[in-house]
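A short write-up of the structure that comes next.
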Amino acid sequence: MMKPLAPLGRGLQSVDTVVVEELLLRLKSTAYMTGDIIIRKGDPGDWMGFVSHGMIAVLDPNYEATDVVQRLLRVGSHFGEISLLHNQARASSLQALTWTQLEVVTQKSWREIEKLRPEEMRLCRSEIHRMLAERQQVA
């Protein structure tokens, strides 16, 4: 079975394994049927998702139509880092293209771990920001 944090973990080798374990323990599974809108642009952003089954379309935020796909998220992909860390509204809408299962970490869970392990979570947050900056340079 794939570990849901694997895509994030590849960039977080320097993060304490206890933090990763704490995140894994707090993940919640949620499922979506084909065609379901997972999030809508402008929705409150209080969780991050890891795709453990299925495929998701990231819809182009510049169009109202749900048929303009910006990119695809597959098993091992993740989204919502910015929303999780900064409580920002969603920048794009996401739609399930197949039956999809997500593993979700909420802001509440994130903050619980920050209270338990503040130094390690500061490093984790820093690493996520670094990965986001790298992804934006590629785009």
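Under our numbering, the letters of the sequence shown match residues 22 to 160, in that order. Note that beta-carbon positions come from the ideal geometry of N, C-alpha and C, so glycine has one too.
message = Measuring only the C-alpha atoms, how far is R143 from Q122?
response = Distance between the alpha carbons of R143 and Q122 is about 29 Å.
query = Taking Q116 as the reference, which of S50, L93, C145, V40 has the closest Cα?
reply = With distances taken between Cα atoms, Q116 lies closest to L93.
request  = Return the CA-CA distance between L48 and V89, expressed in angstroms with no decimal places.
outcome  = Cα to Cα, L48 sits roughly 30 Å from V89.
message = Spatial neighbours of Q109 within its chain, please: C-beta separation below 6 Å, excluding the five flanking residues on both sides.
response = Within its own chain, the residues whose Cβ lies closer than 6 Å to the Cβ of Q109, once the five positions on either side in sequence are excluded, are G66, I103, listed in chain order.
query = So is I58 buried or exposed if we call it buried at 16+ other beta carbons inside 10 Å?
reply = I58 is exposed by the Cβ-count criterion.
message = Less than 8 Å between the beta carbons of Q91 and L80, yes or no?
response = For Q91 and L80, yes; Cβs fall inside 8 Å.
key: CA nearest to the CA of E133, picked from D37, T38, L44   = Nearest Cα to E133 within the set D37, T38, L44: L44.
request  = To the nearest angstrom, report how far apart G30 and W120 are at their CA atoms.
outcome  = No answer about G30 holds up, because its pLDDT of 48 lies below 50 and its placement is not dependable.
query = According to DSSP, is L144 helix, strand or coil?
reply = DSSP places L144 in the helix class (H, G or I) of the three-state scheme.
task = Give the range of the beta strand (DSSP E) segment to which S98 is assigned.
result = No beta strand (DSSP E) contains S98, which DSSP labels as neither H nor E.
task = Would you decide whether V39 is buried or exposed? Buried here means 16 or more other CB atoms lie within 10 Å of its CB.
result = Under this definition V39 is an exposed residue.
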